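Take the position in the sequence shown, starting the count at 1, then add 9; the result is the number in this note's numbering. Beta carbons: idealized from backbone N, C-alpha and C, even for Gly. Model, not experiment: these values are computed from the prediction. Here is the structure we will look at.
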Amino acid sequence: MGMSGLSPRFVDVILPVPLPGTFTYSLPLEWEDQVIPGVRVVVQFGSHKVFAAVVKSVHGTAPSTYAVKPVLDVLDPQPVLALRQLDFWSWISDYYLSTPGEVMAAALPVALRLQSETRISLHPDYNGDHSVLTDREYLVAEALEIQESLTLKEIGTILHLKNPMPVVRNLLSKGVAAAQEEVEERVKPRFVDFVVFGKACSSEQQIGEWMSRLEKRAARQLDVLLAFLQICREEDAKEVEKGVLLKRSGVSSTVFSALLKQEVFEIIKRRVDRVRPYEGPLIQPVELNPYQEQALLGIRQGFAEGKVVMLHGVTSSGKTEVYIHLIAEALREGKQVLYLLPEIALTMQLIGRLQKHFGGRMLVYHSRFNEQERVEVWNRLLDDNLNTIQGGRLVVGARSSVLLPFDKLGLIIVDEEHDSSYKQVDPGPRYNARDAAVVLAAKQDARVLLGTATPSMESYFNALSGKYALVTLDKRHAGLEMPLVRIVDMKDARKRKQVQGHFSQALLEELRLNLEAGKQSILFQNRRGFAPSLECNLCSWSPRCVNCDVSLTYHKKNHELRCHYCGYVQSMPQRCAACGDQDLRMRGYGTERIEEELTLLFPEAKVARLDYDTTRSKSGYQNIISSFEEGAVDILIGTQMVTKGLDFDKVSLVGILNADALMGFPEFRAHERGFQLLAQVSGRAGRRDQGHVVVQSYNIHHPVLSYVLKHDFQGFYFHELNERHRFHYPPYYRLIEIRLKHKDERQIERMAAQLIISLKKTFGNRVLGPTSPYVSRVRNYHLRHLMIKIEKTLVMGDVKKRLMSALEDYRKIPENRSLIVLVDVDPL
Ligand code: ADP
Ligand code: ZN
Ligand code: ZN
């Protein structure tokens, strides 16, 4: 490095602020050797704030427009990210028109994103061991024992240091402290009571003695002991969840407490939201059937041609088994593999299935996990990048795992590639993880497999046009037939009085038969709550949200009205607010109402509901799924959550209560979404024997339904493609949506009109709008949308540059600055 010391050095850094571009600081001589791209430095930005910024480049060019400030400190001896990530981040921010700071904030775990206001707390798992701390660290830890949380600024005051970041960094990496955001995360780590044998039962002999003792004196307690042993044997475990044990043995907690007191049992707390390391024997991939074998060959060939491969395989065709083969192959080469899944498809069920194959080489990255666990995954990957990875590394994760520090990627699998949750909507960067994955893989010479039973229009278009290689698996495994779909004409059924509540006779009959046969059913209704609106029978008044332009949904459980957009809650009105009449009627129906009707229609059936309301707590979700899996539930009612990633052997009937609601949205993807949902949820039926699907509709001639009926994806695709072509939508055109927000309606009208005029100067009639979205006011902001449709012959880079400069010009006028402008490239 000798020569570099002669001329002044500068660094360009990414700051976690929503401003375009990078920022230049001068680099004091003493750090010249240490500072390389990817390390964090401490810099001042604005008059008071200090940030940890990521160095993007080191150079000798002083900026001409502003006086540079010096770097205040260096936080890392080594880069905290993979260098190639910087390049990938640039692509994301360029392509999705977001700032580098936004991308950095989305990618870096909270613990790596320090700034003056960052609040630090003691780490919940810190054991109080002071011996590992330096004097300064000790001072901070001590203060945190009293204070609960401190900002970096306050810590600076305590230590009499202008820049306490290095001290804080050490506390974080030693696991003593954690960023407050981590500690207060929406989903707190959840601890559950597990039962293990206590001191009085520490040997086989003692257990035997207790058995005979209890047999004479306390039969109920013996039930618990026997249930415990039974479950341990079944699960090959030494501990049992307390709730499971009580349920199985059917005793009260008093009986159980007696056993605790006698130290027969003991309670330990276990984190349940954490994937537990798998310790069992690893199993080999299954032997593929001939169709899968053929598919695997096709995939390899596509890869060999350097193409992204689309695997279009019907539900239960064994796509996952094919993935497992490919993953095993890539791991053998010592590569990193990323298996992307939609958020809610990332179930314990699937994780368990993969763990049996890949054990400790598999990491899971998930927004339901806490920050500490995310940092662990992050650091493991950084380690991988420095060393040879023995046996490779598999990361299974949702959308944001494309932002992890991969550097040795061999394969990316995007499962359920059509899923809309791959797109991040808010905050920016508004990226699509599926598309970003294709770019990420290209940058690392990795292969990409997009898998689904219901491809997105875009990907299938790419596959048919030869840009991607297409591989099809159209046979379910083991000769299983596709489910039998039956469409029920609800108009007709109503006329004939063959409807009870919201159930047709046909669906009720199927449900009854299924119950009698001891089989399970899933009912799909894509609305939660009891009734989506309430209406005065006399004057048609209906209660609406005070913050949003939407009617309030009635939730019967708490007897209240709730806004599904902002969370506003009010109690159920007794009378009409307009005319005072008391005859308020429910309109429409959600999962809660279906559940109630069902319990009246089938009082003997065990019914459970899976939706946002019943799964607020992470364990809620897992509990419902588990009891359905165990057969403790006959009928599961749910929203979209029941359509994804679940594989239940005993489900042989799926009922769709209102297919029309799935296709009626005023947006160009409505039919695509409707088809996908119907086909996916149908695929849940009959994973063992041919299943039945009953679709209720008031519009049975809807074209989408006929394709669902025949399991005809291609038919649907060409039908829809034609529409897309006619109306200038993807895959023929590219879209950029501009979403405007303002608190004042008159202002937004005026500003939107003005903005459109100025954009038309550049884009002509490619600009459409402004339109009011379906819900045109949310959280007191009025919303308007503009859309730019761009033919594929234009160079997108130019288009985006022009758009940004037009928006910049618009913002130069001070009175326009109160308008919030969000740009969404490739909106869904
Ligand atoms: P998909 O991912 O296409 O929905 P899965 O991979 O989940 O399908 O396969 C459906 C079921 O069939 C699973 O229980 C799976 O284990 C089983 N299966 C698929 N292929 C095979 C095979 N070749 N040998 C044994 N079982 C298989
Ligand atoms: Zn009224
Ligand atoms: Zn609201």
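- Taking all protein chains in view, the Cβ of Thr74 is surrounded by fewer than 16 other Cβ atoms within 10 Å, so the residue is classified as exposed.
- Around the beta carbon of His711, a 10 Å sphere encloses 16 or more other beta carbons of the protein chains shown; the residue is thus reported as buried.
- Listed in chain order, the alpha helix (DSSP H) elements of length 4 or more contained wholly in the segment 659 to 708 are 669 to 672 and 679 to 691.
- The Cβ atoms of Leu403 and Tyr348 lie closer than 8 angstroms to each other.
- The residues Phe237, Glu248, Val249, Lys251, Leu254, Phe274 and Ile276, in chain order, have a CB closer than 7 angstroms to that of Val204 in the same chain once the five nearest residues on each side in sequence are set aside.
- With a cutoff of 8 angstroms on beta-carbon distance, Gly692 and Ser325 are scored as near each other.
- Per DSSP, the unbroken beta strand (DSSP E) holding Leu420 starts and ends at Leu418 to Asp424.
- Taken from the Cβ of Gln293, every heavy atom of ligand 1 lies 7 angstroms or farther away.
- Note on the segment 274 to 346: whole alpha helix (DSSP H) runs with a minimum of 4 residues are 299 to 313 and 328 to 341, in chain order.
- Going down the chain, each residue whose beta-carbon is closer than 6 angstroms to a heavy atom of ligand 3 shows up: Cys554, Asn556, Cys557, Cys572, Tyr574, Cys575 and Tyr577.
- Residues with their Cβ less than 5 angstroms from any non-hydrogen atom of ligand 2, running along the chain, are Cys545, Leu547, Cys548, Trp550, Cys585, Ala587, Cys588 and Asp590.
- Shortest gap from the CB of Lys365 to any heavy atom of ligand 1: 7 angstroms or more.
- If you keep only unbroken alpha helix (DSSP H) runs of at least 4 residues inside the segment 196 to 270, you get 213 to 226, 228 to 244, 251 to 258 and 262 to 270.
- The C-alpha of Arg178 lies about 7 angstroms from the C-alpha of Leu84.
- Annotated three-state conformation of Met174 is helix, per DSSP.
- When distances are taken from the beta-carbon of Ser261 to the heavy atoms of ligand 1, even the shortest one reaches 7 angstroms or more.
- Around the beta-carbon of Lys65, 16 or more other beta-carbon atoms lie within 10 Å, marking it buried.
- Around the CB of Gln723, fewer than 16 other CB atoms lie within 10 Å, so the residue is classed as exposed.
- In this structure, Asn523 lies near Leu662, with their beta-carbon atoms less than 8 angstroms apart.
- In this structure, the straight-line span from the alpha carbon of Arg743 to that of Ile634 is close to 39 angstroms.
- Restricting attention to alpha helix (DSSP H) runs no shorter than 4 residues, the segment 116 to 160 encloses them at 144 to 156, ordered along the chain.
- Set against 7 angstroms, the gap from the CB of Gly165 to the closest heavy atom of ligand 1 is not smaller.
- Short note on Lys417: C-beta not closer than 7 angstroms to any heavy atom of ligand 1.
- Separation of Glu224 and Leu593 (C-alpha to C-alpha, rounded to the nearest whole angstrom) is 59 angstroms.
- Within the DSSP bridge table, the entry for Gly406 names Leu349 and Tyr374 as partners.
- For Leu28 against Thr108, the beta-carbon gap comes to about 6 angstroms, under 8 angstroms, which counts as contact.
- The straight-line gap separating the alpha-carbon atoms of Arg682 and Leu671 is approximately 7 angstroms.
- Three or more Cβ pairs drawn from the segment 350 to 367 and the segment 290 to 298 lie within less than 8 angstroms of each other, which places the two stretches in contact.
- Following the DSSP letters along the chain, one finds Tyr819 inside the alpha helix (DSSP H) bounded by residues Met805 to Lys821.
- For Thr461, the pairing in a beta bridge is given by DSSP as His321.
- Within the segment 720 to 769, the runs of alpha helix (DSSP H) at least 4 residues long that lie entirely inside it are, in chain order, 722 to 735.
- Per the coordinates, the alpha-carbon of Ile603 lies some 25 angstroms from the alpha-carbon of Val713.
- In the DSSP assignment, Val64 falls within the beta strand (DSSP E) that extends over Lys58 to His68.
- CA-to-CA, the gap between Tyr783 and Phe674 works out to about 9 angstroms.
- Here DSSP, grouped into helix, strand and coil, assigns Ala540 to strand.
- By the CB criterion at 8 angstroms, Ala679 and Gln705 fall outside the cutoff.
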